[in-house]
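Asks:
Numbering (our numbering), first residue to last: 74 to 222.
Below, the structure is given as C-alpha cells:
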C-alpha cells in the first residue's frame, strides 16, 4: 500500500474542521429564518448551485443511461446529508459545538467500523479489532466527559 499524498490527508481534516462551523452557520440561519427545515433547504440550495456550476464547468454531467442505472440506495446519500444538516441546525446550537461534534464523531466512527467490518457501501473489508473497539469506547468516554464536565 502506498502512502497517500500529504494533501490527501489534509482534505478530510479541513472538511472535518468545517463541520462545526457549518453547524453553527446553519443554526444561525435557522434562527434568522425561523425554521430549521428552511435553513437546511437554503443550505442545500446554495450547495447544489455551487456543485452544478462545478459539474457544468467540468462537463461531467451524467447521461440519462447512467441515471437510469442507479438503485434506490444510490439516491439515499442526499437524504442522509439533509438529515445531518437539519440535525446540525437544530441540535448544534442547543448542545454546543464541542458536544455536538463529539457525538457526531462517535457516530461516524461507529458506522465506519461497521462499514469496514462488513465491507458495506464499497469499503474494503477490514475486521473490527479489540483495538478499534477500545478506541471507540474511549471516544464514547470522551463524550461522557464533555457532557459531564
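Virtual Cβ for every residue (Gly too), placed ideally from N, Cα, C.
Report yes or no: do three or more beta-carbon pairs, one from the stretch 189–197 and one from the stretch 107–117, lie closer than 8 Å?
Replies: Taking 8 Å as the limit for Cβ pairs, the verdict is that the stretch 107–117 does not touch the stretch 189–197.
Asks: Taking only three categories from DSSP, how would you classify residue 196?
Replies: Here residue 196 sits in coil by DSSP.
Asks: Taking 8 Å as the cut-off, does the stretch 75–82 touch the stretch 154–168 (at least 3 CB pairs, one atom from each stretch)?
Replies: Judged by Cβ distances under 8 Å, the stretch 154–168 makes no contact with the stretch 75–82, as fewer than three pairs qualify.
Asks: Which value, in whole angstroms, describes the spacing of the CA atoms of residue 215 and residue 138?
Replies: Distance between the alpha carbons of residue 215 and residue 138: 47 Å.
Asks: Tell me the rounded alpha-carbon separation between residue 221 and residue 208.
Replies: Each residue's Cα considered, the two are about 20 Å apart.
Asks: Provide the residue span of the alpha helix (DSSP H) that contains residue 188, from first to last.
Replies: Where residue 188 is concerned, the enclosing alpha helix (DSSP H) stretches over 170–191.
Asks: What is the C-beta distance between residue 184 and residue 219, in whole angstroms, given that I count them as a contact (C-beta under 8 Å)?
Replies: With 8 Å as the limit, residue 184 and residue 219 do not qualify as a contact, their Cβ atoms being about 20 Å apart.
Asks: Which one of 201, 196, 93 has the shortest CA to CA distance from residue 162?
Replies: The residue with the shortest Cα to Cα distance from residue 162 is 93.
Asks: From the DSSP output, in three-state form, read off residue 77 for me.
Replies: Three-state DSSP puts residue 77 in coil, outside helix and strand.
Asks: In angstroms with no decimal places, state the Cα-to-Cα distance between residue 211 and residue 205.
Replies: Taking the straight line joining both Cα atoms gives about 10 Å.
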